[in-house]
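**Student:** Residue numbers (the working numbering), protein chains in the order written: chain A, 1 to 157; chain B, 1 to 157.
Encoded as structure tokens, here's the structure I'll be asking about.
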DNA sequence: CCAATCAGGACTACCCCAGTCCGGATAATC
DNA sequence: GATTATCCGGACTGGGGTAGTCCTGATTGG
């Protein structure tokens with residue numbers, strides 16, 4: 001199904017949220033604003049910090065801050081940061097000649113054009129594109145909602 | 001990691017193998033030729049038959065046959081047949097408004113451009129492209145191999 | 001010195017895929 | 001008509017990976 005992890009989903013949400021504010025933001029704060037569980041937000045942010053997508057400020061009054069503008073972050077970077085290198089098959093990703101059946105595996109290099117195509121497709125779309133995306137004419141209803149909603153309604157908070 | 005299932009891998013191998021022969025081929029035969037376990041080959045072929053990528057002939061002297069030429073089969077079709085519809089997020093695939101947190105989920109439609117990009121990328125590459133792919137200058141060594149190797153060395157058997 | 005926050009890892013529960021197997025239906029052959 | 005080879009469809013099970021939580025330590029401001 002070619003699915004990417006839910007964490008990547010969260011990462012996009014968190015990053016877009018970060019872009020909306022000026023100073024640093026704490027993970028509890030982001031968790032409250034997005035509705036994503038606090039530990040999970042922390043996990044995502046740590047991962048993103050490891051990939052230099054966000055900067056962290058430790059200690060009291062600390063928090064996270066976006067390093068680049070959304071328009072400078074291709075979605076491929078986010079996926080790579082959270083889900084690891086973008087590659088469709090296990091054969092391709094690094095472990096050269098580690099294929100279980102070297103002689104049998106006819107894939108060696110054969111998925112490369114596919115991987116390249118996907119990679120370039122994902123590199124051409126930035127978070128800004130996703131932020132300003134279609135966004136159907138649907139509005140957030142606060143009815144039957146108990147949690148602190150309002151994740152990012154068109155980034156204009 | 002954006003990985004697709006190993007079954008898709010197998011499907012490509014099986015389809016390329018099918019393209020090399022004229023008449024129908026049995027799943028045991030393909031299993032022997034490709035080194036893929038027999039039940040798995042059968043499973044893949046059944047799936048491919050359900051998506052009209054291959055035709056099946058039942059009964060004795062039966063088997064499978066390719067419906068279109070490799071050049072007419074985009075890899076997207078194979079992925080869709082084996083792994084289901086191509087969509088990156090769970091939100092997108094069908095279950096409309098089934099998102100666990102409707103108000104919270106800012107993804108609704110936002111991954112669409114990404115999905116579209118990937119879909120078109122995968123539609124532009126056919127099995128023929130993958131068959132005639134880079135194919136590094138490496139040859140199958142029969143040394144230290146016990147299983148029936150020779151999956152498809154450049155489709156010229 | 002204390003409180004708030006990030007850092008980094010370990011840990012667990014759950015879900016989905018991979019692979020197998022079985023009984024049934026179909027069709028060619030003898 | 002019986003037999004045999006093959007596909008059909010589903011159920012079943014085990015393993016791997018993700019999601020999510022938690023804990024201990026390091027850093028920094030009040």
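Glycine included, each C-beta is placed from N, C-alpha and C at the ideal position.
Computed from a prediction, not measured in an experiment: that's the story for all the values here.
#1: Does residue 130 of chain A come within less than 9 angstroms of chain B when only Cβ atoms are used?
#2: Run through DSSP, which three-state label would residue 26 of chain A get?
#3: What separation, rounded to the nearest whole angstrom, lies between the Cα atoms of residue 15 of chain B and residue 68 of chain B?
#4: Please report the distance separating the alpha-carbon of residue 86 of chain A from that of residue 83 of chain B.
#5: Excluding the five sequence neighbours on either side, which residues of its own chain have a C-beta within less than 6 angstroms of the C-beta of residue 103 of chain B, listed in chain order?
#6: Output the distance between the C-alpha atoms of residue 66 of chain B and residue 3 of chain A, rounded to the nearest integer angstrom.
#7: Contact between the stretch 5–19 of chain B and the stretch 29–43 of chain B: three or more CB pairs below 8 angstroms?
#8: State buried or exposed for residue 131 of chain B, treating a residue as buried only when at least 16 other CB atoms are found within 10 Å of its CB.
#9: Between residue 52 of chain B and residue 30 of chain B, what straight-line distance do the alpha-carbon atoms span, to the nearest angstrom?
#10: Would DSSP call residue 123 of chain B helix, strand or coil?
#11: Any Cβ of chain A within less than 9 angstroms of the Cβ of residue 73 of chain B?
#12: Any residues in the stretch 110–124 of chain A with a beta carbon nearer than 8 angstroms to a beta carbon of chain B? Which ones, in chain order?
#13: Is there at least one Cβ from chain A nearer than 9 angstroms to residue 87 of chain B's Cβ?
#14: I want to verify the contact list: residues of chain A whose CB lies under 7 angstroms from the CB of residue 79 of chain B, in sequence order.
#15: Cutting at 6 angstroms between CB atoms, please list the residues of its own chain near residue 123 of chain A, excluding the five before and the five after it.
#16: Spell out the partners DSSP gives residue 54 of chain A in its beta bridges.
#17: Can you tell me which residues form a DSSP beta bridge with residue 74 of chain B?
#18: Is it true that the CB of residue 70 of chain A sits closer than 9 angstroms to the CB of residue 127 of chain A?
#19: Closest Cβ-Cβ distance between residue 12 of chain A and chain B: below 9 angstroms?
#20: If I measure Cβ to Cβ from residue 63 of chain B and keep anything under 8 angstroms in the same chain, skipping five residues before and after, which residues do I get?
#21: Where do the ends of the alpha helix (DSSP H) carrying residue 7 of chain B lie?
#22: For a quick check, are the C-beta atoms of residue 72 of chain B and residue 48 of chain B less than 9 angstroms apart?
**Tutor:** According to the data block:
#1: Locating residue 130 of chain A in the first chain gives position 130, counting from the first residue. Closer than 9 angstroms to some Cβ of chain B, the Cβ of residue 130 of chain A qualifies, so yes.
#2: Along the first chain, read from residue 1 onward, the residue named residue 26 of chain A stands at position 26. DSSP places residue 26 of chain A outside both helix and strand once states are collapsed to three, so it counts as coil.
#3: Position 15 of the second chain, counted from the first residue, corresponds to residue 15 of chain B. Position 68 of the second chain, counted from the first residue, corresponds to residue 68 of chain B. Going by the C-alpha atoms only, they are around 10 angstroms apart.
#4: For the purposes of this step, residue 86 of chain A is taken as residue 86 along the first chain, with counting starting at 1. For the purposes of this step, residue 83 of chain B is taken as residue 83 along the second chain, with counting starting at 1. If you take the alpha carbons of residue 86 of chain A and residue 83 of chain B, they lie about 18 angstroms apart.
#5: Translated into the one-based positions of the second chain, residue 103 of chain B becomes position 103. Residue placement at residue 103 of chain B is flagged as unreliable, the pLDDT there being 46, under the threshold of 50; a coordinate-derived value is accordingly withheld.
#6: On the second chain, position 66 is the one that residue 66 of chain B refers to. On the first chain, position 3 is the one that residue 3 of chain A refers to. Each residue's alpha carbon lies about 28 angstroms from the other.
#7: yes
#8: Position 131 of the second chain holds residue 131 of chain B. Per the 10 Å Cβ criterion, buried.
#9: Numbered from 1 along the second chain, position 52 holds the residue referred to as residue 52 of chain B. Numbered from 1 along the second chain, position 30 holds the residue referred to as residue 30 of chain B. Distance between the alpha carbons of residue 52 of chain B and residue 30 of chain B is about 18 angstroms.
#10: For the purposes of this step, residue 123 of chain B is taken as the residue at position 123 of the second chain. Helix at residue 123 of chain B.
#11: The count along the second chain starts at 1 and reaches residue 73 of chain B at position 73. Output row for residue 73 of chain B: interface = no.
#12: 110, 111, 112, 113, 114, 117, 118, 120, 121, 122, 124
#13: Translated into positions along the second chain, residue 87 of chain B becomes position 87. Yes, residue 87 of chain B counts as interfacial toward chain A.
#14: As a working note, residue 79 of chain B is residue 79 in the second chain. The contacting residues are 2.
#15: Your numbering for residue 123 of chain A matches position 123 in the first chain. So the list reads 74, 76, once near-sequence residues are dropped.
#16: The residue labelled residue 54 of chain A in the question sits at position 54 within the first chain. Residue 54 of chain A is bridged to A/66.
#17: Along the second chain, read from residue 1 onward, the residue named residue 74 of chain B stands at position 74. B/126.
#18: Here residue 127 of chain A refers to the residue found at position 127 when the first chain is read from its first residue. Here residue 70 of chain A refers to the residue found at position 70 when the first chain is read from its first residue. Cβ atoms of residue 127 of chain A and residue 70 of chain A: closer than 9 angstroms.
#19: Counting from one through the first chain, the residue named residue 12 of chain A turns up at place 12. Residue 12 of chain A counts as touching chain B.
#20: Counted from its first residue, the second chain places residue 63 of chain B at position 63. 23, 24, 25, 26, 27, 29, 56, 57, listed in sequence order.
#21: As a first step, residue 7 of chain B is located in the second chain; it is residue number 7 there, counting from the start. Residues 6–19.
#22: Residue numbering aside, residue 72 of chain B sits at position 72 when the second chain is read from its first letter. Residue numbering aside, residue 48 of chain B sits at position 48 when the second chain is read from its first letter. No, these two residues do not count as a Cβ contact at 9 angstroms.
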